[in-house]
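Q: I'd like to ask you about the structure that follows.
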Amino acid sequence: MKKFLALALAAMMCLSMVSLASADDVTIKFWFWADNDAYAQTMQEMIADFNATNGKGITVVGEQQDWNGGEYSNNLLTAAIGGGAPDVATFKLTATPAFVNNGQLANLDEFIANWADKDQINENLYNTMKQASGTDSIYVMPWNTQVLYVYYRPSMFEAAGIGVPTTYEEFLEDCKKLTHDGVYGFGMRGSNGGQEPWGCFLYAGGGDWEHMDSEGAIKGMQDYIDLYKNGYVPETAPNDGFSQVIDNFKSGLTAMTIHHIGSSAQMIETFGDDVDAFIFPKGEGQWTSMGDTETVMFESCANKEAAFEWMAYLATGKGQETWCTVTGNVPVAARVQALPQFQENKFMKVSIEGASVAGILPVRDTTTQWIKDWPGVIQQALLGDITAEECMKQLQAAMWEE
Amino acid sequence: MQKTVRRKRRSGIWPYLLLAPAMIIMLSVVVVPIINAVGMSFQNYNLVKPNKMGWIGLGNYQKLLTNDPQFWKSLWRTVVWVFFGVGGQFLFGFMLALLLNKEFKGRGVIRAVSLIPWVTPGVLIALMWSWMFDGNYGVINDILLKLGIISDKIAFLAKKDSAMPSVIITIIWQGIPFFALMILAGLQGIPADLYEAAAIDGATGWQKLYYVTIPSLRNTIFVTTMLRVIWVANSVDVIFNMTGGGPAYATQTLSVYVYNKASALDMGYASAMALMLMLVLLLVAIPYLRANFRDQEG
Amino acid sequence: MNEKKPLSRILLLWVPLVLFLIFLLFPFYWTLVTSLKTDAELHSLTVRYWPTQPTLQAYEHLFGSYNFLHPMKNSLIVAAITTVVSLTVSTLAAYAFSRFRFAGRKPLMLLFLTNNMFPTVLLLIPLFTIMRQIKLLYTPWALVLSYTTFTIPFSVWLLNGYLNDLPISMEEAAMIDGADRATAFVKIVLPVLLPCLLATGVYIFMQSWNEYTFAVLFTNEANRTIPVSLKMLVGQLGVQWDLITAGGIITVIPVCIMFFFAQKRLVAGLTAGAVKG
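Those protein sequence lines, which keep their order, are chains A, B and C.
Adding 1 to a residue's 1-based position in the first sequence gives its number in this note's numbering.
Adding 27 to a residue's 1-based position in the second sequence gives its number in this note's numbering.
Adding 23 to a residue's 1-based position in the third sequence gives its number in this note's numbering.
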């Protein structure tokens, strides 16, 4: 009986110690999506590392969420409006207006101003974040970026007797030259998310986001249509999304396609040395898309200092290094960018080279709808329902109405 | 029919007590959200633009009825989608049920595996079928090529005239087991003496089907079809994940349109469209219901 | 049956049955083949009907580090509870609709029907709020409760349809013999209704086993269900075909086995009822 009592007492003491320790602890709920299950595991390892090393009693609890072709942002918004937001979440810049307009995100200005690592991140990037919110404040914390470039197969270029195109005209010409025997010159993305690679054509033709109905823009669109009509891209193009475009390139069906460094690991795995990249060449103008992944803190977060610690760990700390090394994304922190594994990577070099012409879609309150409408309008033009001019007028009106 | 003769009973509180649990569970969850959705349909309710929200009366309805050609086209596509989708499911499901009701060796196993399309997770169905319909690696192209039916690969999901048939085949495939199972269950309730009497009268197999089986199942057939029509008209995942409503809107049904608007956070307009779809479904259902009620009252 | 006429049996039974099975099962077969292929072979331009080097890697990975048994368990819990709850309350309600005539019967039936006509995507935000306020969010009960909102109306109508098709004479006979309504229901109606209850139960089970839209919002990692877990294998870099197809195969098999045993009850219930009654 005595033994039992002693045991019970010891157990109670242990329990109270645990609860004592946790009284000082802060828990940060963190939502993230992962592009495959290996990345999800990496994230959990980073969280474990942060929890073990932060020394401030902060415990991050990470929960993987479904990306679901971008519905992630809507689910996050549903949870936030429903009062169940996490403290910190990974984020896409295009979703910023909806969240900021609903007052869901915490203003990060103060935190960033007092942050030792502030200058690790390029001023331009901060400006992009401000621009996205439509305010002078930063609500979104940079994490990593992906610049779109053109993947190509050197062996196919050699067989066709061509080199890397230096002008837009050459690029179009090469699409034709590379097309033969069931191989297509270019892998076109005519379905969801295709507006980003398409932007390269818009600018090369001579248009820009503010003037999508200009003559140059219409020419860019016409080139896009012609690639499809002339059979230089797979016939499936109107229904091809990201995964088809990557798969078609990996299977050798297409000689070139536009994607970012995130897929370079699998490209190297498939082709070894027989894959390389270049920035979409200059025509009348030049543009490429800067893809992005950020983190945000919610206004409802009770421990904002602790939450910012975790965001900082991801942006410039150990987390930045681990994540970018594993996923191959372009780091935002200068210190990490300078590390040899990033300096020596050829895809990273192209990405950094492209950064000077890289931009984002105009972030307006019409953007969300515009992105949803893009495939339908473009498909109509590809399939000949409407002309290039009508197509561009519709897109211009949808983006800039009111 | 004998069963239509049904005595009316004054039954006091009993039916309400029996209904209570179902009503309470259901209403406690959906009443608020549905009222909320109806309210949104009369507002400019776009979550991206919360500062521009406000009551606009029938504004959304006016816009979709008079100023949105996609609405009417999508409605028409819904009709095509439901007619062929549910029609195919019913026809093949009925046939399968009759087959599975016969006695033969291995019936249990075949009944179990016939259910597979229905068991397969919805997220996988669309992926798998778009993979099979794929214009570059798709097995359907390969089979048709090998059989000599086509001479070139067809980009089924990227062509306007083949996209809708492709998604309809997928939904038929998915729904056959539903009808098969429901009708199979209904078949078990038909008294054997009805068939015996028909046999004595010298009825052939077809006559038995027409004069005994179908009349005995009329309520089951009516209910399953109606429920399935509602279900298929509202279903989004197959189309959305196979074509996203494309190419060039060729497969954009009204429910896909609603889903697109809702995921662009334009909740007001999406709700108005959803309520219009509901109205259309009710208009379709009411004549059915009337016939059914009249039939029951005798 | 007609053992004497083998030819007509082949034409009327086996030929159509085989055609059906090919159509119904080919996609399943293809899922299986895909799950066994290596990534390189999957995207080769020559279609292979059996992998040259079948590999079980995907399955090892799925049960190993991906821990797929966990979402399977969660799905099973949710589906089982939803089935029991929906089936019980729906049977009572359907019986009331079918066997009683009372004020408000038609409007109530219509109410049940219209409940199924509204797209769930528009109900999500308020439902999320409700679930959070009643503290059910991130528990299996959040899913059970939201699933019953579409399984109950469906089942009530379905069972009402079945009940209306059942001959009422035996029930009345029993009641004339002095049995009260409840006894008549349990002794006479239930045995006859068993195949239909089974079919409806399978329906409810299937819907809750495969539901995605609510599940993605109302679960966290601890109680995530199969569809969400599978959908997570589609990221921004493509589909993890081997894992997602292997997951599909694993999901299908236990349900089919369960149904194999259950379908033995899918025989003429009337005879069984007559014997017992």
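Idealized CB from N, CA, C, for every residue including glycine.
Quick one: what's His-181 (chain A) bridged to in DSSP?
A: DSSP lists A:Val-184 as partners of His-181 (chain A).
Q: Curious, which full-length alpha helix (DSSP H) runs of at least 4 residues does the region 102 to 177 of chain B contain?
A: You should have 134 to 141, 143 to 146, 149 to 159 and 166 to 173.
Q: Please name the residue, chosen from A:Glu-170, A:Ala-266 and A:Pro-282, that lies closest to Gly-329 (chain A) on a Cα-to-Cα basis.
A: When each option's Cα is compared against that of Gly-329 (chain A), the closest is A:Ala-266.
Q: Can you tell me the Cα-Cα spacing of Thr-388 (chain A) and Gly-71 (chain A), whole angstroms?
A: Approximately 29 angstroms, taken between the alpha carbons.
Q: Start and end of the beta strand (DSSP E) containing His-212 (chain A)?
A: It is not in any beta strand (DSSP E) - His-212 (chain A) carries neither H nor E in the DSSP assignment.
Q: Is it right to say Leu-21 (chain A) is buried, meaning 16 or more other beta carbons lie within 10 angstroms of its own, or is it exposed?
A: Unreliable placement is indicated for Leu-21 (chain A), whose pLDDT of 44 sits below 50; no coordinate value is reported for it.
Q: In chain B, which residues lie less than 7 angstroms from Glu-236 (chain A) when you measure between Cβ atoms?
A: Neighbours of Glu-236 (chain A) on chain B, chain order: Gly-162, Ala-182 and Ala-185.
Q: For Tyr-152 (chain A), is the classification buried or exposed, using 16 other Cβ atoms within 10 angstroms of its Cβ as the cut-off for buried?
A: The residue in question, Tyr-152 (chain A), is buried, as its Cβ has 16 or more Cβ neighbours within 10 Å.
Q: Tell me which residue opens and which closes the beta strand (DSSP E) that Val-141 (chain A) is part of.
A: Counting along the chain, the beta strand (DSSP E) containing Val-141 (chain A) begins and ends at 141 to 148.
Q: Which residue marks the beginning of the alpha helix (DSSP H) containing Ala-389 (chain A), and which one marks its end?
A: Where Ala-389 (chain A) is concerned, the enclosing alpha helix (DSSP H) stretches over 389 to 401.
Q: Which first and last residues belong to the alpha helix (DSSP H) in which Ile-248 (chain B) is found?
A: Its alpha helix (DSSP H) spans residues 245 to 261.
Q: Run the CB neighbour count on Ala-318 (chain B), radius 10 Å, all protein chains shown included, and call it buried at 16 or more, exposed below.
A: So Ala-318 (chain B) counts as exposed.
Q: Taking 8 angstroms as the CB-CB limit, is Asp-169 (chain B) close to chain C?
A: True, the Cβ-Cβ gap to chain C drops below 8 angstroms.
Q: Over the uninterrupted beta strand (DSSP E) stretch that includes Val-27 (chain A), give me the two end residues.
A: It spans 27 to 34 - the beta strand (DSSP E) in which Val-27 (chain A) sits, taken as one unbroken run.
Q: Just list the residues that DSSP pairs Thr-289 (chain A) with in beta bridges.
A: Paired residue(s): A:Ala-359.
Q: In chain A, which residues lie with their C-beta within 9 angstroms of the C-beta of Val-146 (chain B)?
A: Near Val-146 (chain B) there are no residues of chain A at all, since even the closest Cβ is about 21 angstroms away, more than 9 angstroms.
Q: Leu-115 (chain C): buried (16+ other C-beta within 10 angstroms of its C-beta) or exposed?
A: Buried is the call here.
Q: Which chain C residues are close to Pro-314 (chain B), counting only those with a beta carbon under 9 angstroms from its beta carbon?
A: Within chain C, no residue comes near Pro-314 (chain B); the closest Cβ sits about 13 angstroms away, beyond 9 angstroms.
Q: Sorted by chain position, which residues of the same chain lie with C-beta nearer than 7 angstroms to Trp-145 (chain B)'s C-beta, five sequence neighbours on each side aside?
A: The residues are Gln-201, Pro-204 and Phe-205.
Q: Using alpha carbons as the reference points, say which of B:Pro-42, B:Pro-77 and B:Ser-141 lies closest to Gly-127 (chain C).
A: The shortest C-alpha separation from Gly-127 (chain C) is found at B:Pro-42.
Q: Identify the residues that DSSP records as bridge partners of Phe-100 (chain A): which are they?
A: The partner list for Phe-100 (chain A) (beta bridge, DSSP) is empty, contrary to what the question assumes.
Q: Could you check whether the region 160 to 177 of chain A touches the region 258 to 275 of chain A, counting it as contact only if at least three pairs of C-beta atoms, one from each stretch, sit closer than 8 angstroms?
A: They do not touch, by the three-pair rule.
Q: Along the chain, which unbroken stretches of the beta strand (DSSP E) at least 3 residues long are found entirely within the region 190 to 255 of chain C?
A: Within the region 190 to 255 of chain C, no complete beta strand (DSSP E) run reaches 3 residues.
Q: Do Gly-263 (chain A) and Gln-259 (chain C) have their beta-carbon atoms positioned less than 8 angstroms apart in this structure?
A: Closer than 8 angstroms, so yes.
Q: List, from N- to C-terminal side, the alpha helix (DSSP H) runs of 4 residues or more that fit wholly inside the region 70 to 114 of chain C.
A: Correct list: 80 to 86.
Q: Measuring only the C-alpha atoms, how far is Val-358 (chain A) from Val-234 (chain A)?
A: Rounded to the nearest angstrom, the two C-alpha atoms are 25 angstroms apart.
Q: Check whether the Cβ atoms of Met-159 (chain B) and Val-166 (chain B) sit closer than 8 angstroms, and answer yes or no.
A: Yes, Cβ-Cβ distance for Met-159 (chain B) and Val-166 (chain B) is below 8 angstroms.
Q: Below 8 angstroms between beta carbons: does that hold for Ala-197 (chain C) and Ile-175 (chain C)?
A: Cβ distance not < 8 angstroms, so Ala-197 (chain C) and Ile-175 (chain C) don't count as in contact.
Q: Within the 8 angstroms Cβ cut-off, does Ser-88 (chain C) reach chain A?
A: Yes, because at least one Cβ of chain A sits closer than 8 angstroms to the Cβ of Ser-88 (chain C).
Q: Could you tell me the distance, in whole angstroms, from the CA atom of Trp-324 (chain A) to the CA atom of Met-300 (chain B)?
A: Looking at the two C-alpha atoms, the distance is approximately 43 angstroms.
Q: Short of 7 angstroms Cβ to Cβ, which residues in the region 52 to 81 of chain B face chain D?
A: Of the protein chains in this structure, namely A, B and C, none is chain D.
Q: Between Val-259 (chain B) and the rest of its own chain, which residues show a CB-CB distance below 6 angstroms, the 5 nearest in sequence each way excluded?
A: So the list reads Val-109, Gly-112 and Val-113, once near-sequence residues are dropped.
Q: Select from the region 62 to 77 of chain A all residues with a C-beta closer than 7 angstroms to any C-beta belonging to chain C, and list them in chain order.
A: Those residues of the region 62 to 77 of chain A that come within reach of chain C (Cβ to Cβ, closer than 7 angstroms) are Glu-64, Gln-65, Asp-67, Trp-68, Asn-69 and Asn-76.
Q: Which chain A residues sit within Cβ distance under 8 angstroms of His-66 (chain C)?
A: Under the 8 angstroms cutoff, chain A gives Asp-248, Lys-251 and Ser-252.
Q: Only counting the same chain, and skipping five residues up and downstream in sequence, which positions put a Cβ closer than 6 angstroms to that of Val-101 (chain A)?
A: Excluding positions up to five away in sequence, the list reads Ser-134 and Tyr-140.
Q: Exposed or buried, what is Gln-70 (chain B) when buried is set at 16 or more other beta-carbons lying within 10 Å of its beta-carbon?
A: Classification for Gln-70 (chain B): buried.
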